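Following our numbering, the numbering of the sequence shown begins with 30 at its first residue and continues without gaps.
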Amino acid sequence: MNTKDEAETPVYKVRVADLPLQSGLFERMAPADFVDCYCVQSELSPRQAANIITNFPWWARFLIRVRNFLTMPFGLSSDGPAAEDKVGFFPVESESSKELIAGFNDKHLNFRISVMSLQGQVFLATWVHINNVAGWLYFKTILPFHILIARNALVRVGMHTDFSDKR
């Protein structure tokens, strides 16, 4: 039995999801590529959600600084390439009312994030194409942190959603 407080407390449940068929990431995907996708209930636009997603909490910024320090000798980009339009340090590649795709190609791997807003859900997907063995080693090292950061990002998106008119 729910109490009044429980019924009025929104739940920011992040779920593993299939990449929506409308995503522009499908144009890039090859059989060996990595793709993951999570979603949360939210009415935010892709740009609004992307701005929240890339406004990392302190612990994620710390992990990114450690990553930048450790990968400096290998020539991995720390701030991404210069671009007129960025979300966080990710250059925006394409944007519509339903999807924002950002990311870039690096020596070791290419990646893009997709932020989609469809039917009251925000989806966060990541596509990675590994270019060489160093990219594979790097990716396998950061994958657990990527999952943690991605799921936390969608919790924060959910927290910025107004559920008051949905009751």
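Cβ atoms here follow ideal geometry from the backbone N, Cα and C, with glycine treated the same way.
Since the model is a prediction, treat every value here as computed from it, not as a measurement.
Beta bridge counterpart(s) of residue i as assigned by DSSP
{"i": "residue 65", "result": "155"}
{"i": "residue 141", "result": "132, 156"}
{"i": "residue 124", "result": "129"}
{"i": "residue 146", "result": "151"}
{"i": "residue 44", "result": "68"}
{"i": "residue 119", "result": "116"}
Distance between beta carbons of residue j and residue i, contact taken as under 8 Å
{"i": "residue 71", "j": "residue 151", "result": "4 Å"}
{"i": "residue 155", "j": "residue 64", "result": "7 Å"}
{"i": "residue 59", "j": "residue 158", "result": "7 Å"}
{"i": "residue 146", "j": "residue 46", "result": "About 13 Å; that fails the 8 Å criterion."}
{"i": "residue 43", "j": "residue 183", "result": "4 Å"}
{"i": "residue 181", "j": "residue 86", "result": "7 Å"}
{"i": "residue 128", "j": "residue 116", "result": "Their Cβ separation, rounded to whole angstroms, is 13 Å, which puts residue 128 and residue 116 out of contact at 8 Å."}
Member of the options whose CA lies at the smallest distance from the CA of residue i
{"i": "residue 124", "options": "142, 118, 165", "result": "142"}
{"i": "residue 138", "options": "161, 130, 120", "result": "161"}
{"i": "residue 149", "options": "50, 57, 68", "result": "68"}
{"i": "residue 80", "options": "118, 135, 89", "result": "118"}
{"i": "residue 173", "options": "92, 130, 114, 49", "result": "92"}
{"i": "residue 133", "options": "121, 127, 126, 144", "result": "121"}
{"i": "residue 57", "options": "97, 140, 114, 99", "result": "140"}
{"i": "residue 164", "options": "190, 114, 136, 82", "result": "136"}
{"i": "residue 126", "options": "61, 73, 114", "result": "73"}
{"i": "residue 202", "options": "189, 153, 178, 187", "result": "Given that the chain is displayed from residue 30 to residue 196, the structure contains no residue 202 and the question cannot be resolved."}
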